[in-house]
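**Student:** Under my numbering, the sequence shown is numbered contiguously, ending at residue 307.
Please see the structure below; I have some questions.
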Amino acid sequence: MVTQARSVPPDLGDKHRILNNHEPSWWLRLQLDALVAGWEANGVRACKDIRRNPGHDVGVTALYRRDALACSDCLDVFRLKGSPDHECDRCHEQFDTLAGVVYDTHLEGMRLLVMFGLCPGCEAKEISQ
């Protein structure tokens, strides 16, 4: 499941910490398992580019939009409307700022970038794994 470092779409790489060659924590493993289970049970809303080309090489999703899968050209689906989300995806506490994180992995032959936000304490826990 762990991948080699590769380029990440600029829209993600400029704003998020990229985790590649990273052994995921128990928490992140559970999130990835839940993501896949949800897709298998309920399907996924893929962007038009991935629907047209199921063999697309890179997909992007987010823990706060588990039902969505987009290519690097269709990232607007993940933009939050209204006030910014300040809830840590791991501990669910509210913080003034969160670290934007992207976990770089593979799923069924597709490179998958999973976005999420972590508070400073949870980011330290995830990165120290």
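Cβ atoms here follow ideal geometry from the backbone N, Cα and C, with glycine treated the same way.
So, at 7 Å on beta carbons, what are the nonlocal neighbours of K303 in its own chain, with the 5 sequence-adjacent residues on each side left out?
**Tutor:** S203
**Student:** Within 10 Å of its beta-carbon, does Q209 have 16 or more other beta-carbons around it, so buried, or fewer, so exposed?
**Tutor:** buried
**Student:** Going straight from the alpha carbon of L291 to that of V279, what length do you get?
**Tutor:** In this structure, the CA atom of L291 is about 10 Å from the CA atom of V279.
**Student:** For the stretch 264 to 303, list the alpha helix (DSSP H) runs that are entirely contained and at least 4 residues long, ordered along the chain.
**Tutor:** Runs found: none.
**Student:** Along the chain, where does the alpha helix (DSSP H) containing R207 start, and where does it finish?
**Tutor:** Looking at the DSSP string, the run of the alpha helix (DSSP H) that includes R207 is 204 to 220.
**Student:** Starting from D245, trace the beta strand (DSSP E) in both directions and tell me its first and last residue.
**Tutor:** 243 to 248
**Student:** Buried or exposed for G287, going by 16 or more other Cβ atoms inside 10 Å?
**Tutor:** With fewer than 16 other beta carbons inside 10 angstroms of its own, G287 counts as exposed.
**Student:** Here's the rule I'm using: 16 or more other beta-carbon atoms within 10 Å means buried, otherwise exposed. How should R268 be labelled?
**Tutor:** buried
**Student:** Under the three-state reduction of DSSP, which class applies to R229: helix, strand or coil?
**Tutor:** Judged by DSSP in its simplified three-state form, R229 adopts helix.
**Student:** Sorted by chain position, which residues of the same chain lie with C-beta nearer than 6 Å to M179's C-beta, five sequence neighbours on each side aside?
**Tutor:** In this prediction, M179 scores a pLDDT of 33, lower than 50, which makes its location untrustworthy; no coordinate-derived value is stated.
**Student:** With a threshold of 6 Å on Cβ separation, who are the neighbours of G191 within its own chain once the five nearest residues in sequence on each side are excluded?
**Tutor:** In this predicted model, G191 has a pLDDT of only 49, less than 50, meaning its place in the structure is not dependable; the value taken from the coordinates is given anyway. None.
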